[in-house]
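Just below is one structure, and these are the notes that go with it.
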Amino acid sequence: MRKRSISLLLLVLLSVLSLKAQVGNVLDQSQVHGSFQVDGQYYQPDEALGITDSLLNGHRVGLNGFGNIIYTLGKFSAGLRYEAYLSPIAGFDPALDGNGFPYMYVSYTDDKFSITAGSFYEQFGNGLVLRSYEEWTLGYDNALNGVRLIYQPIRGLIIKGVYGSQRKFWDKYVKNGRGIVRGLDGEMNFNELFASMADSKLRVVLGGSMVSKYQIDANPIYKLPENVASFAGRANIGFGKFNLSTEYAYKINDPSAINNYIYKDGEAFLASLSYSTKGLGLFAQVKRIDNFSYKSDRDVTVNALDISYLPPISETHAYALTSMYPYATQPNGEIGFQFLLNYKVPKKSKLGGKYGMGIAIEYSQINDIVRNQVDDTTFINQKGTLGYTSDFFKLGNHVFWRDLNITIDKKFNRKWKAIIQYMYQTYDIATIEGHPGEPVVSSRIAVADITYKFTSRKSLRAEIQGLWTKEDMGDWAALLLEYTVSPHWFVSITDQYNYGNPIKTDQIHYFSVAGGYTRATTRFQVSYGRQREGIVCIGGVCRQVPAASGLSLSVSTNF
Amino acid sequence: MKNFIIAGIFSFLVLASFSQNESKNTNLPSVNIKTLDGQTVNFQSLTNNGKPMIVSFWALWCKPCKKELDAFNENYEDWQEETGVKIYAISIDDARSTAKVMPFVSGKDWEFDVLLDPNSDLKRAMNVNMIPHTFLIDGNGEIVYQHTSYYEGSEFELFELVKKVAKGESISEK
């Protein structure tokens, strides 16, 4: 008996010691990281822009900020994010007004298994049937709140399951006012699963997902489906220099405010083929969307609660005037294609010179789909009916978007380099921005982006841009001068001038000055001047920005 | 019997605390990202045999990012020769443009590895707010320096630090 007690005591002692050692060991692995950002704006009246004191109505300051903390301890991690919109910067949804902790999670991850409880972002395949994500600059966040499991039983096989509700501004869930989202996804990598394929030139990844949302039917007129399921299958096949990526998704009937409560099933299809070799990349893709808005609240029409992500296939342009008319996916139906060529003229060739020269040519076009009546007595898209029928392969006559552009970039010598861009764009402003009756905007845009290096650390960059169109606001010119001292400082002046506006009094200069300081990851930026009314789009979601005048300050850091 | 169970549990814990995979950077977050041809890799498995690594976040729509990576590419051969540094460029392009990254990289003729973070999982785990955001990681897998934004010539500043890190010197500015 006594012997046993001693041995037990020894064992406990040993265990405590080892536990202590282990705790020490584990604590060594513990880390805290985070990031902060504050964007503030001070508004002033500006008669030329139509901003008066009474319009501002005391709303002088807009402030968006967040603080993000992630704690990791070995395989365990936890994070939270504080957000404040006091009050939201002009152009952000007023529903964001407030502050709090909308994002919190705990998770455990090892080689095979991962579990997350709380808020999380997840994407199945290309996101056609499920994508939760956030885009700070747009005020968009559809995080799922619930539980996620990821299981990797063997190398080459990943299974994911999610269950939760989506964030809408400050609400994580509203009983009977919001759907619950459930999803399952599996992905197989043949080259990892089968030893015989490990070194194969043929690379195959297949995946499939199933997502379902549940929302109570409280509609007095229609009997609406409370469970709406969607399915998607995808493949990524590589062979040598070729790569094919494709996904097809199908959705059971889902009458909603977006599709005018029709009972038609939805479809989405994406396929892209690329060829890549040293110095040359070719890319082609097609996309078809038919009645595929999928939100966890069928009655919502604003930018929120999207379960599906329908990527636009137009190019994301990055200059002020080239991005003046950005395309946004039409979830009720569109069919489009894109071609892209990237080529590098080799170094030391006649055209390439010492450093080579880059050429990129892009063409994209997006049309409406074809819609036919389901029968003689039903209008196309009539509420409460099957809506319409559509031929998968037919292109509608209505053009939403067309863009042909060429970009050349060249470094001439140690001092000079330049990027030249020219494009033709067709933009159906009536459909995309919802301004019925407005004529289609056809524009030509040219950009010259020239950099001159004074020394290895000091340089001056000039952007000279022009946009010419007979529609909408007419012609624009823009100039930007930016002086940088690496790695810390920059100052810039910009002017965008709407010299061709058919209304004389609207021929306005949008002038602004800006300066910034960066030290490691801490960045301050101040700007003063006018902001043009327009659309800011990132990753397919767009936000309407009102014209504004005043002072802006942005501070960002991380650790 | 009870003792055996207790002993069993504790010896498991003790063993568990010693069993660490050696080919991993456990200082870095364990997040799955993708190669350009769709294969999944864990960020922790990126290593460079005790030599420094540069990890740079970028996207096709980010002009300064592409300028920074062009500048890296111009110097990459020299940098590798001198320090053995390895560059990983992590694209945060989403489904809109992930498939375009590979032909773009080929068209640019970039020599370094490019990986995809299509839903910004790694971006969030590394607390990246704005891009370009570049990390310098030493031979032990520790982040020793990071920087946001790119101005002409910033690459030389970075390379000075890479040289120090390659020699095993410490960097004061973090």
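Residue numbers (this note's numbering), protein chains in the order written: chain W, 418 to 976; chain D, -6 to 167. Even glycine gets a Cβ: it sits at the ideal position worked out from N, Cα and C. Please read all numbers here as calculations on a predicted model, not as lab measurements.
Min CB distance residue i to chain W below 8 angstroms
i, result
"Y210/D", "Chain D is shown from -6 up to 167; residue 210/D falls before or after that span and cannot be answered."
"A118/D", "yes"
"N122/D", "yes"
"G132/D", "no"
"E15/D", "With a pLDDT of 44 at E15/D, under the threshold of 50, the modelled position of this residue cannot be trusted, and the question is left open."
"F152/D", "no"
"G161/D", "no"
"V149/D", "Checking the sequence, you will find Phe at residue 149/D rather than Val. Chain W, which has a Cβ nearer than 8 angstroms to the Cβ of F149/D, makes this yes."
"V78/D", "no"
"D71/D", "no"
"S23/D", "yes"
"F5/D", "Only weak support exists for where F5/D lies, its pLDDT of 44 falling under 50; the value from the coordinates is given anyway. No, F5/D lies away from the interface with chain W (no Cβ there is under 8 angstroms from its Cβ)."
CB-CB length for residue i against residue j, believed under 8 angstroms
i, j, result
"G770/W", "D102/D", "Rounded, the Cβ-Cβ distance is 15 angstroms, inconsistent with contact."
"S903/W", "R874/W", "5 angstroms"
"Y538/W", "N112/D", "6 angstroms"
"V579/W", "L561/W", "6 angstroms"
"P96/D", "S662/W", "Their Cβ separation, rounded to whole angstroms, is 12 angstroms, which puts P96/D and S662/W out of contact at 8 angstroms."
"E104/D", "S876/W", "At roughly 24 angstroms, the Cβ-Cβ gap does not stay under 8 angstroms, so E104/D and S876/W are not in contact."
"L727/W", "I706/W", "6 angstroms"
"A507/W", "A965/W", "5 angstroms"
"D501/W", "G475/W", "The question names Asp, but residue 501/W is Ala in the sequence shown. Actually they are not in contact, since the Cβ atoms of A501/W and G475/W sit about 19 angstroms apart, beyond 8 angstroms."
"E664/W", "A649/W", "6 angstroms"
"A52/D", "I85/D", "5 angstroms"
"Y639/W", "D671/W", "Not really, about 12 angstroms apart at Cβ, beyond 8 angstroms."
"V791/W", "L803/W", "5 angstroms"
C-beta atoms of residue i and residue j nearer than 8 angstroms
i, j, result
"Q882/W", "L738/W", "yes"
"F817/W", "Q747/W", "yes"
"G813/W", "D785/W", "yes"
"G496/W", "Y460/W", "no"
"N653/W", "V628/W", "no"
"N749/W", "I675/W", "yes"
"S582/W", "R572/W", "no"
"I825/W", "I776/W", "yes"
"F796/W", "L757/W", "no"
"K589/W", "L722/W", "no"
"G451/W", "N120/D", "yes"
"Y488/W", "V449/W", "yes"
"Y736/W", "V591/W", "no"
"N68/D", "E148/D", "yes"
"G917/W", "W893/W", "yes"
"G683/W", "K668/W", "yes"
Spatially closest choice to residue i from the options, by CA coordinates
i, options, result
"K811/W", "F796/W, F754/W, R498/W, G624/W", "F754/W"
"W54/D", "P743/W, L768/W, M774/W", "P743/W"
"Q842/W", "H852/W, E880/W, T872/W, M741/W", "M741/W"
"I80/D", "E74/D, D87/D, S49/D, D71/D", "S49/D"
"Y138/D", "G967/W, S973/W, T938/W", "T938/W"
"P729/W", "Q702/W, F493/W, Y550/W", "Q702/W"
"L480/W", "T554/W, A649/W, R620/W, Y667/W", "T554/W"
"H140/D", "Y934/W, P963/W, L970/W, V943/W", "Y934/W"
"V858/W", "V864/W, T848/W, I867/W", "T848/W"
"Q454/W", "G467/W, G484/W, L473/W", "G484/W"
"G600/W", "F541/W, K658/W, Y568/W", "F541/W"
"R940/W", "T76/D, P125/D, Q37/D", "P125/D"
Minimum Cβ-Cβ distance from residue i to chain D less than 8 angstroms
i, result
"H450/W", "yes"
"L898/W", "no"
"L601/W", "no"
"K800/W", "no"
"Q882/W", "no"
"Q782/W", "no"
"S876/W", "yes"
"L699/W", "yes"
"A931/W", "no"
"G775/W", "yes"
"G956/W", "Here the model assigns G956/W a pLDDT of 49, short of 50, so the residue's position is not dependable, and the following value carries that caveat. By this cut-off, G956/W is an interface position."
Practice problem: May I ask you to list, following chain order, the residues of the region 750 to 764 of chain W that have a beta carbon less than 7 angstroms from some beta carbon of chain D? | Solution: L757, N759, Y760, K761
Quiz item: Going along the chain, which residues of the region 647 to 669 of chain W sit with their C-beta nearer than 7 angstroms to a C-beta in chain D?
Solution: N653, G655, N660, S662
Practice problem: Give, in chain order, every residue of the region 89 to 113 of chain D whose Cβ lies closer than 9 angstroms to some Cβ of chain W. | Solution: R89, S90, T91, A92, K93, M95, P96, F97, V98, S99, G100, K101, D102, P111, N112, S113
Exercise. Identify each residue in the region 37 to 56 of chain D for which the Cβ-Cβ distance to at least one residue of chain W is less than 8 angstroms, and report them in chain order.
Key: L53, W54, C55, K56
Quiz item: Taking Cβ-Cβ distances below 8 angstroms as the criterion, which residues of the region 564 to 575 of chain W are in contact with chain D?
Solution: I575
Quiz item: In the region 517 to 547 of chain W, which residues sit with their C-beta less than 9 angstroms from some C-beta in chain D, listed in chain order?
Solution: T526, D527, D528, S531, Y538, E539, Q540, G542, N543, G544, L545
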